[in-house]
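Working notes, beginning with the structure itself.
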Amino acid sequence: MERREFLKKTGVAAAAAVASTAVAAPAVLAQKKYRWKMVTTWPPNLPVLQVGAERFAKRVEEVSEGRMKIQVFAAGELVPALGVFDAVSQGTVECGSGAAYYWAGKVPAAQWFTSVPFGLNAQGINAWFYGGDGLKLWEEVYAPFNLIARPQGNSGVQMGGWFRKKMETIDDFKGLKMRIPGLGGKVIAKAGGTVVLLPVGDIFTSLERGVIDATEWLGPMHDLRMGFYKAAQYYYYPGWHEPGTCLEVMFNKKKYDELPADLKGIIDMCAMETNLWSLSMFEAGNGAALQELITKHKVELIRFPDPLLDELRKMAKETMEEEAEKDPVSRKVHESFKKFKEQVGVWGSVSENAYYNVIADKYSLKG
Ligand code: CA
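Numbering (the numbering used here), first residue to last: 26 to 392.
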């Protein structure tokens, strides 16, 4: 309206001359530039995870046309891997990337936002975040820590792990020394196993030398890169303990709230885009790596027997109820997650699951 009035009064030529200076100058002055730092829990160059964090930063810079630039630091470069939460919470840096279950010691409720044993798969947890209460609850859980998080990736269903002996019944877990962190580890401990936590660099040699009997890691793409097939004979599936592990990008809430609405939108959109990109990279990479493990490295792929899975499922259920007792907000998140899982589970049984069963005989593990 203003422009039309102006044109009427002054004429087109004069307006054009004025507009070219008057419009351009304030636009440039208004473009405040943001220079942020991001710390991550991942080693440098770790495919999809560290690479995904860097990709997110690059996309934010591209889409904002340089108004926001995020410099990314891998674990240990600025703060240690497990220092990410505090560094972002306290505002030492503006943002961080990792997985919410690393903060279980400080925030038990955070665990549901990463992965729950026998919980939601990638499609389900994304539906809980974007189509249910998941993201709202995550914001509620992180707000007291001056943090706000967004899903930034998903591994999809992981593998069950590498074992030096065959796992036939639940009793085979008794005395088994396994590297398996988080909630999955708690379930293994219930089954009588000994959970061993190791720095990333020590896992392979510990498995190779028999210091541990088993380890889980990620999916075929990352497991192949770790060389586990040289240290353990049996590769079990499915990864019941991490059926759709969500990665996070977190922001110092005060810094995030100070951003203009369009930059907040750009950050949110780039996180959502990276979430989809990451799941797609895992899916494509795992498919190719599994073929290589089977055909080139002659890895023996074994499905956990159903009775063993049933026992683990019972123990996982107990574990989650115990975790939910830790504080009222954990209970609230647990109830939301459980209810949502039941709903999408029933739907999934007649959609994705039914479809997978229909096409299953078309695929052979032998390639
Ligand atoms: Ca894992």
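Note that the Cβ used here is the ideal one computed from N, Cα and C, for glycine as well.
Residue i: CB within 8 Å of a non-hydrogen atom of ligand 1
| i | result |
| --- | --- |
| G269 | no |
| G359 | The question names Gly, yet the displayed sequence has His at residue 359. Every heavy atom of ligand 1 is 8 Å or more from the Cβ of H359, so no. |
| Q183 | yes |
| L243 | yes |
Alpha-carbon to alpha-carbon, residue j and residue i
| i | j | result |
| --- | --- | --- |
| W187 | S376 | 31 Å |
| A286 | I292 | 10 Å |
| M246 | E79 | 19 Å |
| K357 | F154 | 15 Å |
| A349 | K57 | 44 Å |
| L249 | G310 | 11 Å |
| L284 | R60 | 12 Å |
Proximity below 9 Å, CB of residue i to CB of residue j
| i | j | result |
| --- | --- | --- |
| V166 | F362 | no |
| K202 | V236 | yes |
| S89 | L288 | yes |
| H322 | Y254 | yes |
| V104 | K94 | no |
| E179 | F307 | According to the sequence provided, residue 179 is Asn. The question's Glu does not apply to it. Yes, Cβ-Cβ distance for N179 and F307 is below 9 Å. |
| G185 | P69 | no |
Residues near residue i by beta carbon distance below 7 Å, same chain, minus five either side
| i | result |
| --- | --- |
| T139 | A124, A125, Y126, T270 and C271 |
| A152 | V369 |
| M192 | Y261, F329 and L333 |
Any non-hydrogen atom of ligand 3 within 8 Å of residue i CB
| i | result |
| --- | --- |
| G264 | Judged by which ligands are present, ligand 3 is missing from the structure shown, whose ligands are ligand 1. |
Same chain only: Cβ atoms within 8 Å of residue i, ignoring 5 sequence neighbours per side
| i | result |
| --- | --- |
| K406 | Shown here, the chain extends from 26 to 392; a query on residue 406 therefore has no answer. |
| V113 | V64, E119, C120, G121, L172, M275, F276 and N277 |
| T344 | P142, L208, K211, V212 and K215 |
| R404 | Outside the displayed span of the chain (26 to 392) sits residue 404, for which this structure offers no information. |
Residue i - DSSP class collapsed to helix/strand/coil
| i | result |
| --- | --- |
| T35 | Bear in mind that a pLDDT of 48 at T35, under 50, signals an unreliable position, so the number given afterwards is only what the model happens to contain. Helix, per DSSP. |
| Q183 | strand |
| A168 | helix |
| V43 | Summary for V43: the model assigns pLDDT 46, below 50, so the residue's position carries little reliability, and this model does not support an answer. |
| A385 | helix |
| I237 | coil |
| F276 | strand |
| F365 | helix |
| M26 | With a pLDDT of 43 at M26, under the threshold of 50, the modelled position of that residue is not reliable, and no figure is offered here. |
| N378 | helix |
Residues near residue i by beta carbon distance below 6 Å, same chain, minus five either side
| i | result |
| --- | --- |
| I327 | Y259 and Y261 |
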